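Notes follow once the structure below has been shown.
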Amino acid sequence: MLNQKSILITGGTGSFGKKFIETILARYPQVKKIIIFSRDELKQFELRQKYPAKEFPMLRFFIGDVRDRERMIQACEGVDVIIHAAAIKQVDTAEYNPTECIRTNVDGAENVIHAALQCGVKDVVALSTDKACAPINLYGATKLASDKLFTAANNIKGSKDIRFSVVRYGNVMGSRGSVIPFFLNKREEGVLPITHEEMTRFNISLQDGVNLVMFALGHHLGGEIFIPKIPSYKITDVAEAVAPEAKTRIVGIRPGEKLHEEMITDTDSLNTIDLGAYYAILPSVSFTYTEQEYLDHHKASKVPFGFKYNSGTNTEWETVESLRDLIREHVDPNFEA
Numbered sequence: 001m002l003n004q005k006s007i008l009i010t011g012g013t014g015s016f017g018k019k020f021i022e023t024i025l026a027r028y029p030q031v032k033k034i035i036i037f038s039r040d041e042l043k044q045f046e047l048r049q050k051y052p053a054k055e056f057p058m059l060r061f062f063i064g065d066v067r068d069r070e071r072m073i074q075a076c077e078g079v080d081v082i083i084h085a086a087a088i089k090q091v092d093t094a095e096y097n098p099t100e101c102i103r104t105n106v107d108g109a110e111n112v113i114h115a116a117l118q119c120g121v122k123d124v125v126a127l128s129t130d131k132a133c134a135p136i137n138l139y140g141a142t143k144l145a146s147d148k149l150f151t152a153a154n155n156i157k158g159s160k161d162i163r164f165s166v167v168r169y170g171n172v173m174g175s176r177g178s179v180i181p182f183f184l185n186k187r188e189e190g191v192l193p194i195t196h197e198e199m200t201r202f203n204i205s206l207q208d209g210v211n212l213v214m215f216a217l218g219h220h221l222g223g224e225i226f227i228p229k230i231p232s233y234k235i236t237d238v239a240e241a242v243a244p245e246a247k248t249r250i251v252g253i254r255p256g257e258k259l260h261e262e263m264i265t266d267t268d269s270l271n272t273i274d275l276g277a278y279y280a281i282l283p284s285v286s287f288t289y290t291e292q293e294y295l296d297h298h299k300a301s302k303v304p305f306g307f308k309y310n311s312g313t314n315t316e317w318e319t320v321e322s323l324r325d326l327i328r329e330h331v332d333p334n335f336e337a
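Numbering (the UniProt record's numbering), first residue to last: 1 to 337.
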């Protein structure tokens with residue numbers, strides 16, 4: 001699928017980008033070029049140490065910002081596939097710096113779309129978040145706007161052979177700023193701060209997030225928002241899994257934070273299809289394909305009327321023991337509770 005292709009990853013030095021690069025190199029040894037596009041020269045330097053130019057001549061490192069349309073166009077010359085992972089992602093950062101968040105997450109998305117259309121790119125997959133579903137914070141609102149831009153881009157492509165789609169998933173286990181590394185650092189203090197004892201979240205591994213993007217690249221018609229079927233966890237079970245001897249302290253829900261996360265609302269379900277391992281929300285306005293054409297292409301069925309996908313009412317749950325196994329597998333091989 002990606003052999004002999006040129007791929008650009010925005011935000012390519014982040015957690016997702018690094019795992020995606022690792023996966024491409026393992027699965028597609030004949031990949032033509034992987035362009036790592038990001039604005040952090042230190043992270044690019046560190047990644048170059050892992051992938052020396054002599055051994056990995058297909059890797060190219062572009063310093064740039066998705067806010068800069070001209071630089072995006074330069075980076076996209078000759079590119080076949082774009083994976084758009086660049087974003088301002090911290091909820092509290094976005095609340096305090098709203099204009100900066102909008103410039104990166106919304107204006108940046110528009111620049112990626114413009115560059116892709118201008119440069120003859122064939123496939124574009126943008127990363128979203130569960131916080132884009134019925135958003136209550138600015139980060140989620142900007143990602144919802146970004147999702148709408150990418151799905152609607154299929155209606156303005158004209159005769160160009162290009163497909164835009166989105167993947168949406170929950171908390172990535174072990175990623176920077178997520179709860180498990182935070183609790184691991186805090187357990188030596190003997191007290192774990194918990195926002196609310198009823199709080200739940202969806203859980204996905206970094207590799208499963210990459211696999212979802214690979215699925216989207218191989219199967220999308222354009223316009224879909226792909227959503228994985230993944231388990232939830234209770235924040236209290238995470239605390240028990242990480243540090244059973246530690247006390248917990250309720251500190252309250254932070255501004256812009258939900259008690260439970262959603263990925264499909266009951267209103268979204270009117271346009272949602274079940275693909276087996278994944279769901280897909282179809283575009284509410286599409287001039288390219290009908291709902292039946294999406295169903296036939298994906299060999300899918302419509303979800304039941306009133307369906308919704310919420311971390312608090314999920315049917316699949318992580319347990320304390322399964323969380324410990326996942327921590328050893330994805331975060332710290334030497335972890336002991």
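Glycine included, each C-beta is placed from N, C-alpha and C at the ideal position.
Please read these numbers as outputs of a predicted model, since none were measured by experiment.
1) Out of Arg69, Pro29, Leu117 and Lys299, point me to the one whose CA is closest to Phe150's CA.
2) Looking only at DSSP bridge pairs, what is Tyr233 linked to?
3) Between the C-alpha atoms of Leu212 and Phe226, what's the straight-line distance to the nearest angstrom?
4) Ignoring anything shorter than 4 residues, give me the alpha helix (DSSP H) runs that lie fully in the region 137 to 180, in order along the chain.
5) For Phe283, name the three-state secondary structure that DSSP assigns.
6) Quick test of your reading: Gly64 and Ala53, contact by CB under 8 Å. State the CB separation rounded to the nearest angstrom.
7) Tell me the residue span of the alpha helix (DSSP H) that contains Lys18.
8) When you compare the CB positions of Asn203 and Glu318, do they come within less than 7 Å of one another, or not?
9) Could you tell me the alpha carbon to alpha carbon distance between Asp161 and Ala152, rounded to whole angstroms?
10) Compare the beta carbon distance of Val81 and Ile34 with 7 Å and say whether it is the shorter of the two.
11) Looking only at its chain, what residues have a beta carbon closer than 7 Å to the beta carbon of Leu127, apart from the 5 residues adjacent to it on each side?
12) Span of the beta strand (DSSP E) holding Thr248?
13) Excluding the five sequence neighbours on either side, which residues of its own chain have a C-beta within less than 6 Å of the C-beta of Ser175, listed in chain order?
14) Does the separation of the CB atoms of Gly218 and Met1 fall below 7 Å?
15) In terms of DSSP beta bridges, what is Asp123 paired with?
16) Can you tell me whether Val191 is helix, strand or coil according to DSSP?
17) Going by the CB atoms, is the gap between Gly209 and Arg163 shorter than 7 Å?
18) Could you have a look at Met214 and say whether DSSP puts it in helix, strand or coil?
19) So, Asn155 versus Arg201, is the Cβ gap smaller than 7 Å?
20) Could you give the C-beta distance for Val66 and Thr13, rounded to a whole number, given that I count them as a contact under 8 Å?
21) Give the secondary structure of Met58 by DSSP, where H, G and I count as helix, E and B as strand, and everything else as coil.
22) What is the rounded straight-line gap between the Cα of Tyr278 and the Cα of Ser165?
23) Would you identify the three-state DSSP class for Phe226, choosing helix, strand or coil?
24) Give the DSSP-derived three-state secondary structure of Lys33 in the structure shown.
25) Report yes if the CB atom of Pro193 is closer than 7 Å to the CB atom of Arg254, and no otherwise.
26) Do you know how far the Cα of Arg69 is from the Cα of Tyr289?
27) DSSP state of Asn271, grouped into three classes?
28) Classify Ile24: buried if its beta carbon has 16 or more other beta carbons within 10 angstroms, exposed otherwise.
29) What is the residue span of the beta strand (DSSP E) that Thr10 lies within?
Based on what the coordinates show:
1) Here residue 150 corresponds to residue number 150 of the sequence shown, with the count starting at 1. It is Leu117 whose Cα lies nearest to the Cα of Phe150.
2) Within the sequence shown, residue 233 is the residue found at index 233, counting from 1. According to DSSP, Tyr233 bridges with Arg201.
3) For the purposes of this step, residue 212 is taken as the residue at position 212 of the sequence shown. For the purposes of this step, residue 226 is taken as the residue at position 226 of the sequence shown. Rounded to the nearest angstrom, the two C-alpha atoms are 8 Å apart.
4) 138 to 152
5) As a first step, residue 283 must be located in the sequence shown, where it is residue number 283. Residue identity check: residue 283 is Pro in the sequence provided, not Phe. If DSSP states are grouped into helix, strand and coil, Pro283 belongs with coil.
6) Position 64 of the sequence shown, counted from the start, is the residue given in the question as residue 64. Position 53 of the sequence shown, counted from the start, is the residue given in the question as residue 53. That belief does not hold up - the Cβ atoms of Gly64 and Ala53 are roughly 19 Å apart, past 8 Å.
7) The residue labelled residue 18 in the question sits at position 18 within the sequence shown. Element bounds for Lys18: Ser15 to Arg27.
8) For this step, residue 203 is matched to residue 203 along the sequence shown. For this step, residue 318 is matched to residue 318 along the sequence shown. Yes, these two residues count as a Cβ contact at 7 Å.
9) Stepping through the sequence shown from its first residue, residue 161 is reached at position 161. Stepping through the sequence shown from its first residue, residue 152 is reached at position 152. Approximately 15 Å between the Cα atoms of the pair.
10) The residue you call residue 81 lines up with position 81 of the sequence shown. The residue you call residue 34 lines up with position 34 of the sequence shown. Cβ distance not < 7 Å, so Val81 and Ile34 don't count as in contact.
11) By 1-based counting over the sequence shown, the position of residue 127 is 127. Excluding sequence neighbours, Leu127 sits near Phe16, His84, Ala85 and Val167.
12) Here the question's residue 248 lines up with position 248 in the sequence shown. Lys247 to Ile250 is the extent of the beta strand (DSSP E) around Thr248.
13) As a first step, residue 175 must be located in the sequence shown, where it is residue number 175. Ser15.
14) In the sequence shown, the residue the question calls residue 218 occupies position 218. In the sequence shown, the residue the question calls residue 1 occupies position 1. Their beta carbons are under 7 Å apart, which means Gly218 touches Met1 by this criterion.
15) On the sequence shown, residue 123 is found 123 positions in, with the first residue counted as 1. Partner(s): Val81 and Arg163.
16) Position 191 of the sequence shown, counting from 1, holds the residue named residue 191. Here Val191 sits in strand by DSSP.
17) In the sequence shown, residue 163 corresponds to position 163, counting from 1. In the sequence shown, residue 209 corresponds to position 209, counting from 1. Contact flag unset, no.
18) Translated into positions along the sequence shown, residue 214 becomes position 214. Residue state, collapsed to three classes: helix.
19) Start at 1 with the first residue of the sequence shown, and residue 155 comes out as number 155. Start at 1 with the first residue of the sequence shown, and residue 201 comes out as number 201. Contact: no.
20) Counting from one through the sequence shown, the residue named residue 66 turns up at place 66. Counting from one through the sequence shown, the residue named residue 13 turns up at place 13. That pair is no contact at about 13 Å.
21) Against the sequence shown, residue 58 aligns to sequence position 58. If DSSP states are grouped into helix, strand and coil, Met58 belongs with coil.
22) Against the sequence shown, residue 278 aligns to sequence position 278. Against the sequence shown, residue 165 aligns to sequence position 165. Their Cα atoms are separated by approximately 14 Å.
23) Numbered from its first residue, the sequence shown carries residue 226 at position 226. Correct three-state label for Phe226: strand.
24) Working through the sequence shown from its first residue, we reach residue 33 at position 33. Lys33 falls in the strand class under three-state DSSP.
25) Position 193 of the sequence shown, counting from 1, holds the residue named residue 193. Position 254 of the sequence shown, counting from 1, holds the residue named residue 254. The answer is no: Cβ separation not under 7 Å.
26) The residue labelled residue 289 in the question sits at position 289 within the sequence shown. The residue labelled residue 69 in the question sits at position 69 within the sequence shown. So the two alpha carbons sit approximately 29 Å from each other.
27) Position 271 of the sequence shown, counted from the start, is the residue given in the question as residue 271. Helix.
28) Walking along the sequence shown from the start, residue 24 turns up at place 24. Buried, since its Cβ has 16 or more Cβ neighbours within 10 Å.
29) Taking the first residue of the sequence shown as position 1, residue 10 is located at position 10. Ser6 to Thr10 is the span of the beta strand (DSSP E), which, as asked, contains Thr10.
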